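Engineer:
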Amino acid sequence: MNSIFVIGGAAIDITGKPDSVCRERDSNPGKVRIRVGGVGHNIACHLSRYHCQVEFVTALGSGYHASMVRESCEKSGVSLRSTLTSTEHTGTYIGVFDEDGDMLVGISDMSVLERITPDYLSPILPQINRADLCVVDGNLSPDALSYLCQNVAVPIFYDPVSCSKAKRIGSHIGKCYAIKPNRFEAGFLSGKSCDTIRGIYRASDWFIEQGVKRVFVSLGEEGVYWADENGCGVLPADCSNVPDTHGAGDAMSAAMIDGCVKHLSTEECARLGNEAGARVCRANAERLLASK
Numbered sequence: 106m107n108s109i110f111v112i113g114g115a116a117i118d119i120t121g122k123p124d125s126v127c128r129e130r131d132s133n134p135g136k137v138r139i140r141v142g143g144v145g146h147n148i149a150c151h152l153s154r155y156h157c158q159v160e161f162v163t164a165l166g167s168g169y170h171a172s173m174v175r176e177s178c179e180k181s182g183v184s185l186r187s188t189l190t191s192t193e194h195t196g197t198y199i200g201v202f203d204e205d206g207d208m209l210v211g212i213s214d215m216s217v218l219e220r221i222t223p224d225y226l227s228p229i230l231p232q233i234n235r236a237d238l239c240v241v242d243g244n245l246s247p248d249a250l251s252y253l254c255q256n257v258a259v260p261i262f263y264d265p266v267s268c269s270k271a272k273r274i275g276s277h278i279g280k281c282y283a284i285k286p287n288r289f290e291a292g293f294l295s296g297k298s299c300d301t302i303r304g305i306y307r308a309s310d311w312f313i314e315q316g317v318k319r320v321f322v323s324l325g326e327e328g329v330y331w332a333d334e335n336g337c338g339v340l341p342a343d344c345s346n347v348p349d350t351h352g353a354g355d356a357m358s359a360a361m362i363d364g365c366v367k368h369l370s371t372e373e374c375a376r377l378g379n380e381a382g383a384r385v386c387r388a389n390a391e392r393l394l395a396s397k
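Just so we're aligned: 213 in our numbering is position 108 of the sequence shown, and the numbers increase by one with no gaps anywhere.
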């Protein structure tokens, strides 16, 4: 059984979608959903389905929201043995979507993760270095990311989380074995325009020049781009025109990570990630249809 450490964010996701056209500066009738999320949490829970031994390192508060995260991890078989408990509130994310399911705005409060410092990580570093792979996400502080990139001896898989957090890894991007930004995050990280596939090729060349071994760029409805020192390509999306893509990106990451620890080719990892993301999109569409 492969052993994987995931170090990153867990949060309570609160999302709202109006029943019809969204009116700004007004209360809109619609659906509000509360669920456990956070990139690190979601990847960890998906990885457990691949029969991986998963240790999730995050920071939680001490209230009801923290118990929701703990229950979610327990149900998925994800260990929280090394997770920090704080008196602060657990990370929280609020997302507002339009009537078509496209995000209008999102607000993320992950300040509790500032508690994950190099001093906190140092005692568990030997355990991390006995794993097969370490996943880190952009919710971590620049100091924590710097410490991990300089001291973790096993392959590192980096998910930037968002454009605003992507550059927290700084000059250490080349220490990562694999990365999975979306096209906008890839642009922020590389300084290259990624509006076109040609631009994404240029960005992936830059990542590989820095030392990254495997590059995956999620392209939404266009599919996924993959690259390594031996080749590159684009795999078309397995499904399109879906009303809810929530969770698809993290499912994609988990499948890619599982492929990496099994030493599959970069293209095969991308294919498995594409399929995993599509399964989540289809499940979301079926759930939405059943609720009508």
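Note that beta-carbon positions come from the ideal geometry of N, C-alpha and C, so glycine has one too.
Predicted, not measured: the structure shown is a model, and the values here were computed from it.
Which residue from Val-241, Asp-205, Asp-248, Phe-202 puts its Cα closest to that of Asp-224?
Structural biologist: In the sequence shown, counting from the first residue as 1, residue 224 sits at position 119. Of Val-241, Asp-205, Asp-248, Phe-202, the residue nearest in Cα terms is Asp-248.
Engineer: Check each candidate in Cys-281, His-368, Thr-192, Tyr-263 and name the one with the smallest Cα separation from Gly-316.
Structural biologist: Along the sequence shown, read from residue 1 onward, the residue named residue 316 stands at position 211. Measuring from the Cα of Gly-316, the nearest candidate turns out to be Cys-281.
Engineer: I'd like the list of long-range same chain contacts for Ile-414, defined as Cβ closer than 8 angstroms, with 5 residues on each side in sequence excluded.
Structural biologist: No answer is possible for residue 414: the residues shown for the chain start at 106 and end at 397.
Engineer: Which runs of the alpha helix (DSSP H) spanning at least 4 residues fall entirely within the region 278-347, listed in chain order?
Structural biologist: Entirely contained in the region 278-347, the alpha helix (DSSP H) runs reaching 4 residues are, in chain order, 288-295, 302-315.
Engineer: Figure out for me which residue from Ala-390, Ser-177, Pro-260 has the closest Cα to the Cα of Ile-109.
Structural biologist: Locating residue 109 in the sequence shown gives position 4, counting from the first residue. Of the candidates Ala-390, Ser-177, Pro-260, the one whose C-alpha sits nearest the C-alpha of Ile-109 is Pro-260.
Engineer: Give me the Cα-Cα distance between Asp-203 and Ile-284, rounded to the nearest whole angstrom.
Structural biologist: The residue given as residue 203 occupies position 98 in the sequence shown. The residue given as residue 284 occupies position 179 in the sequence shown. Roughly 30 angstroms separates the two Cα atoms.
Engineer: Under 8 angstroms Cβ to Cβ from Gly-275, same chain only, skipping five residues before and after it: list those, please.
Structural biologist: Locating residue 275 in the sequence shown gives position 170, where the first residue counts as 1. Taken in chain order, the residues that qualify are Pro-247, Leu-250, Ser-251.
Engineer: Kindly indicate the opening and closing residues of the beta strand (DSSP E) around Ile-261.
Structural biologist: Against the sequence shown, residue 261 aligns to sequence position 156. Where Ile-261 is concerned, the enclosing beta strand (DSSP E) stretches over 261-264.
Engineer: For Pro-286, count the other beta carbons within 10 Å of its own beta carbon; 16 or more makes it buried, fewer makes it exposed. Which is it?
Structural biologist: Indexing the sequence shown from 1 puts residue 286 at position 181. Label assigned to Pro-286: buried.
Engineer: Under 8 angstroms by Cβ, that's how I've got Phe-293 and Lys-272 pegged, so tell me the actual separation to the nearest angstrom.
Structural biologist: The residue you call residue 293 lines up with position 188 of the sequence shown. The residue you call residue 272 lines up with position 167 of the sequence shown. Indeed, because the Cβ distance is near 6 angstroms, the residues count as touching under 8 angstroms.
Engineer: In whole angstroms, what is the alpha-carbon distance linking Leu-189 and Ser-358?
Structural biologist: For the purposes of this step, residue 189 is taken as the residue at position 84 of the sequence shown. For the purposes of this step, residue 358 is taken as the residue at position 253 of the sequence shown. About 24 angstroms.
Engineer: Among all the DSSP beta bridges, which residues are the ones paired with Cys-68?
Structural biologist: Since the first and last residues shown for the chain are 106 and 397, residue 68 lies out of range.
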